[in-house]
Structure formats: C-alpha cells, structure tokens
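Take the sequence shown: its position 32, counting from 1, is numbered 34 in my numbering, and each next residue is one higher. Using N, Cα and C, we set each Cβ at its ideal position, and we do this for glycine too.
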Amino acid sequence: MVSHIFTAEERRFVESRVDQHRTQAFFLIWNRREAAAKALGMDLLASFSRLEVPVDAYSTTGFLVPLSKGEDWWLRDLSPAPGYVGALCLEGGPAELAWWRYQG
C-alpha cells in the first residue's frame, strides 16, 4: 500500500523504520495526509497524487506547511490514547489545544 499511495520521501521514511516502528511511521504519515486532505476539502483518494506532508518524527508542536498556493496550514500530530496517533490540520498558524478525558 505504501508504494502506491505515499510519495518517494514518505516511503523512505516508513521503510527506514524497523518492525513496530514501521507501523507507527505508516500511521503517522497516513494521519497527516488524511488530516490535510480533509482540511483542504479534498477527496482522500484524489489527494494521494497531489499531496505531500512532512516526514519528520512525531511533533507535539506542529509544522507550518504550504499545502495550497499562497496559504500556510498548521499540521500537528495527536496522541489521543496510548497506542493511537492522529493529526490535526488548520489553516493559518498554531492553535492552542485543550484535552479532556471522560472518566465514566
């Protein structure tokens, strides 16, 4: 799947990892791509050939990335629960995030 969807740089990032770190790298990039595609209003499948996200390691501060002409987007990794990763993409600069956990 990586060879069909990810860019060459994204593939190198994932394939350079070993064992479970490869799976983590895959989901890190996948979630960044999905968040960016949704923020830009793109069809997920159509975005594969037109979208590239940063391949740096997990970031709690985020990245400013030029995902569309003349506009910067803020892309941040999320860890909603142990063993899970997500990503958030917003137009403009960094935003302050707040987390709540339901104890039920």
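- Per DSSP, reduced to three states, the secondary structure at residue 51 is coil, with no helix or strand assignment.
- Here the alpha carbons of residue 39 and residue 93 stand approximately 12 Å from one another.
- The continuous beta strand (DSSP E) containing residue 70 extends over residues 65-70.
- In the DSSP assignment, no residue is bridged to residue 59.
- Taking the Cα of residue 91 as reference, the smallest distance to any Cα among 102, 68, 85 and 84 is reached at 68.
- 8 Å or more divides the Cβ of residue 76 from the Cβ of residue 89.
- Here the stretch 23-35 lies against the stretch 79-87, with 3 or more beta-carbon pairs under 8 Å apart.
- Residue 7 is positioned such that its CB atom lies no closer than 8 Å to that of residue 65.
- Secondary structure of residue 32 (DSSP, three-state): helix.
- Counting along the chain, residue 14 sits inside the alpha helix (DSSP H) bounded by residues 10-17.
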